[in-house]
Amino acid sequence: KAGVTQTPRYLIKTRGQQVTLSCSPISGHRSVSWYQQTPGQGLQFLFEYFSETQRNKGNFPGRFSGRQFSNSRSEMNVSTLELGDSALYLCASSFGLTGNPTNEKLFFGSGTQLSVL
Amino acid sequence: GEDVEQSLFLSVREGDSSVINCTYTDSSSTYLYWYKQEPGAGLQLLTYIFSNMDMKQDQRLTVLLNKKDKHLSLRIADTQTGDSAIYFCAETPPGSSASKIIFGSGTRLSIRP
């Protein structure tokens with residue numbers, strides 16, 4: 186079956202703009218999580234959506250928001266972009282039903298590389 | 228607190244064993260993971276260990292957990308060029324879903340002939 190699909194693959198924006206990233210999970214997965222990866226801060230958890238509701242949230246400002254649709258696809262939005270928002274944004278999906286990685290293996294997409302100029 | 232630390236680089240000769248180390252601070256974490264990231268790709272779960280285990284072996288991979296010292300290691304036997312990647316140690320904080328994972332900074336493994 187198809188893996189986690191993130192679009193677009195690359196994105197260039199300027200400071201002050203906003204951006205929307207998209208993630209299509211593996212069919213049947215209801216949980217979608219977003220991570221930011223930068224050379225300086227590493228991988229940081231942004232938020233998780235399950236059944237269209239935000240279930241977990243990391244420590245990012247309100248400029249970072251997300252949503253999930255009834256088909257489990259998720260979008261992440263960043264408003265008023267700053268230079269420091271340049272990063273690889275990774276999305277991961279899972280069934281989201283239990284905390285056991287035997288049943289809840291997280292599948293990652295290849296990411297969207299965002300550059301803010 | 229939540230913090231996972233790893234050394235940044237490791238270079239090994241092809242055919243030798245690689246040992247990647249990690250320390251974590253939250254002793255109540257339930258699961259500890261090793262992820263692999265190849266260039267231009269997302270993360271791939273390699274293996275994980277439940278906190279009440281000391282060791283887990285999966286083909287060429289061996290995970291050792293020392294809960295007293297909060298130390299986790301990944302040993303890759305007979306390291307091959309295809310093992311070149313960044314390896315992330317990670318934990319699930321207590322009370323969090325399996326999706327909220329705290330990652331280390333990653334260890335870049337390079338293989339020399």
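These protein sequence lines map, in sequence, to chains A and B. Each residue of the first sequence is one higher than the one before, counting from 186 in the working numbering. Each residue of the second sequence is one higher than the one before, counting from 228 in the working numbering. Backbone N, C-alpha and C define an ideal beta-carbon position, used for all residues, glycine too.
For a test of the three-state rule: what should DSSP assign to residue i, helix, strand or coil?
| i | result |
| --- | --- |
| Gly-309 of chain B | helix |
| Asp-270 of chain A | helix |
| Glu-237 of chain A | coil |
| Gln-226 of chain A | coil |
| Lys-198 of chain A | strand |
| Gly-296 of chain A | coil |
| Ser-337 of chain B | strand |
| Glu-241 of chain B | coil |
Distance, Cα to Cα, residue i vs residue j?
| i | j | result |
| --- | --- | --- |
| Lys-294 of chain B | Ser-278 of chain B | 7 Å |
| Gln-202 of chain A | Thr-297 of chain A | 17 Å |
| Leu-266 of chain A | Gly-251 of chain A | 15 Å |
| Lys-290 of chain A | Val-301 of chain A | 32 Å |
| Ser-234 of chain B | Thr-257 of chain B | 23 Å |
| Thr-308 of chain B | Gly-227 of chain A | 24 Å |
| Leu-291 of chain B | Ile-197 of chain A | 42 Å |
| Arg-200 of chain A | Leu-268 of chain A | 6 Å |
| Glu-241 of chain B | Thr-192 of chain A | 36 Å |
| Asp-281 of chain B | Val-231 of chain B | 18 Å |
| Ile-247 of chain B | Ser-264 of chain A | 38 Å |
| Ser-255 of chain A | Ile-211 of chain A | 14 Å |
| Ser-259 of chain A | Gly-213 of chain A | 14 Å |
| Ile-338 of chain B | Ser-244 of chain B | 11 Å |
Which residues of chain A have a Cβ atom closer than 7 Å to the Cβ of residue i, listed in chain order?
| i | result |
| --- | --- |
| Ala-312 of chain B | By Cβ distance, chain A contributes nothing, its closest Cβ being about 13 Å from Ala-312 of chain B, past 7 Å. |
Could you tell me how far apart the beta carbons of residue i and residue j are, in whole angstroms, since I believe they sit closer than 8 Å?
| i | j | result |
| --- | --- | --- |
| Cys-276 of chain A | Val-189 of chain A | 6 Å |
| Ala-304 of chain B | Arg-287 of chain B | 5 Å |
| Tyr-262 of chain B | Gln-271 of chain B | 6 Å |
Kindly list, in the order they appear in chain B, the residues whose Cβ is closer than 7 Å to that of residue i.
| i | result |
| --- | --- |
| Gly-269 of chain A | Near Gly-269 of chain A there are no residues of chain B at all, since even the closest Cβ is about 17 Å away, more than 7 Å. |
Starting from residue i, find everything on chain A with Cβ-Cβ shorter than 8 Å and list it in chain order.
| i | result |
| --- | --- |
| Ser-332 of chain B | Gly-227 |
For residue i, verify whether its CB is less than 7 Å away from any heavy atom of the ligand GDP.
| i | result |
| --- | --- |
| Phe-293 of chain A | Looking at this structure, you won't find the ligand GDP or any other ligand, since it has none at all. |
At 8 Å on the CB atoms, spell out the chain B contacts of residue i, in chain order.
| i | result |
| --- | --- |
| Ser-212 of chain A | Residues of chain B passing the Cβ test: none, with the nearest at roughly 17 Å. |
task: Taking only beta carbons into account, state which residues of the region 287-299 of chain A come closer than 7 Å to chain B, listed in chain order.
output: Glu-289, Lys-290, Leu-291, Phe-293, Gly-294, Ser-295 and Gly-296
message: Against chain B, which members of the region 236-264 of chain A pass a CB distance test of less than 7 Å?
response: Arg-240 and Asn-241
task: Can you give me, in chain order, the residues of the region 266-286 of chain B that have a beta carbon less than 9 Å from any beta carbon in chain A?
output: Gly-267, Ala-268, Gly-269, Leu-270, Gln-271, Leu-272, Tyr-275 and Phe-277
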